[in-house]
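In the numbering used here, the protein residues as written are 808 to 990.
Note sheet for the following structure.
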Amino acid sequence: MLLREKVKGVVFMPVNFTIHGPFDVPTKPKKIKGGTTTIRQLGDVGAFLWKEKNFSKYADKKGCYVFVNAVTRGSTPIYVGRTNKTFKNECFATAKKAMLNDFLAEASKTGLKVYFIVLEHRKDCFEEIDLCETLLIQKCKKANPNLLNVRKLAEKFTIKSFHGNTSRANGDVTEFKKCLNIK
């Protein structure tokens with residue numbers, strides 16, 4: 808059952824996002840000029856990639872995306888982005904490709920993957936996509952202090968021992984968390 812909010816006779820439905828992935832991002836070895844060292848770089852991330860089964864479903868969707876480095880012991884988020892147009896036009900734009908190639912060149916082990924956090928509505932939801940990106944950046948920053956994002960890293964507010972502040976909870980906070988079924 809969806810919760811609805813009614814303001815001045817208008818019914819507002821919640822904006823929903825769904826998570827899909829992770830999907831492998833193609834990379835290829837590249838020799839460094841004049842040496843024997845090989846680094847990983849992005850493979851074909853052009854039009855051909857968006858025709859592939861896993862990517863084609865999301866090519867014309869909008870929302871947020873999270874690039875992760877998936878190696879033997881799990882995944883680490885490396886960058887969070889958003890698009891109000893389409894994933895196809897945003898995910899591998901020139902600046903993103905350069906940033907991802909820099910990451911791949913520096914990382915000792917790589918397994919680049921992407922998650923799509925897809926907006927379910929067809930209408931424009933610029934504000935909601937922006938809020939979703941902010942939330943994802945803050946969550947990913949906790950999982951990886953070296954996240955490549957440079958904006959939206961700081962939380963706008965904290966509640967001591969409850970939100971954004973890791974100090975030990977006192978009795979009041981503990982009782983409040985119980986009331987909200989938060990462990």
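Using N, Cα and C, we set each Cβ at its ideal position, and we do this for glycine too.
Close beta carbons around residue i, own chain, < 7 angstroms, minus the five adjacent residues each side
| i | result |
| --- | --- |
| Ile989 | none |
| Glu935 | Val822 |
| Cys932 | Val822, Leu926 |
| Asp831 | Lys920 |
| Ala914 | Asn876 |
Closest residue to residue i among the options (Cα-Cα distance)
| i | options | result |
| --- | --- | --- |
| Pro836 | Leu942, Ser882, Ala854, Gln848 | Gln848 |
| Cys898 | Leu856, Gly881, Leu954 | Leu856 |
| Thr844 | Thr825, Ala912, Lys948, Leu926 | Ala912 |
| Ala905 | Ser974, Gly850, Arg975 | Gly850 |
| Val875 | Arg975, Asn956, Asp867 | Asn956 |
| Lys903 | His928, Arg880, Val873 | Val873 |
| Ala854 | Lys840, Arg880, Ala900 | Ala900 |
Where residue i sits in the DSSP three-state scheme
| i | result |
| --- | --- |
| Thr941 | helix |
| Ala877 | strand |
| Lys835 | strand |
| Thr844 | coil |
| Leu856 | helix |
| Gly978 | helix |
| Pro821 | coil |
Own chain residues within Cβ distance below 8 angstroms of residue i, not counting five before or after
| i | result |
| --- | --- |
| Asn896 | Thr890 |
| Ser863 | Trp857 |
| Lys868 | Thr893, Phe894, Phe923, Val925, Leu926 |
Residues of its chain near residue i, where Cβ-Cβ distance is below 6 angstroms and the 5 sequence neighbours each way are ignored
| i | result |
| --- | --- |
| Lys892 | none |
| Lys838 | Thr845 |
| Gly765 | Given a span of 808 to 990 for the chain in the structure shown, any question on residue 765 remains unanswerable. |
| Asn861 | Phe830 |
Contact check, residue i vs residue j, beta carbons under 8 angstroms
| i | j | result |
| --- | --- | --- |
| Lys916 | Ser882 | no |
| Pro884 | Asn951 | yes |
| Glu940 | Cys986 | no |
| Leu938 | Val887 | no |
| His827 | Phe923 | yes |
| Lys948 | Leu954 | yes |
| Phe894 | Tyr865 | yes |
| Ser974 | Lys984 | no |
| Pro833 | Val852 | yes |
Whole beta strand (DSSP E) runs in the stretch 880-962 with 3 or more residues, listed along the chain?
881-890, 919-926
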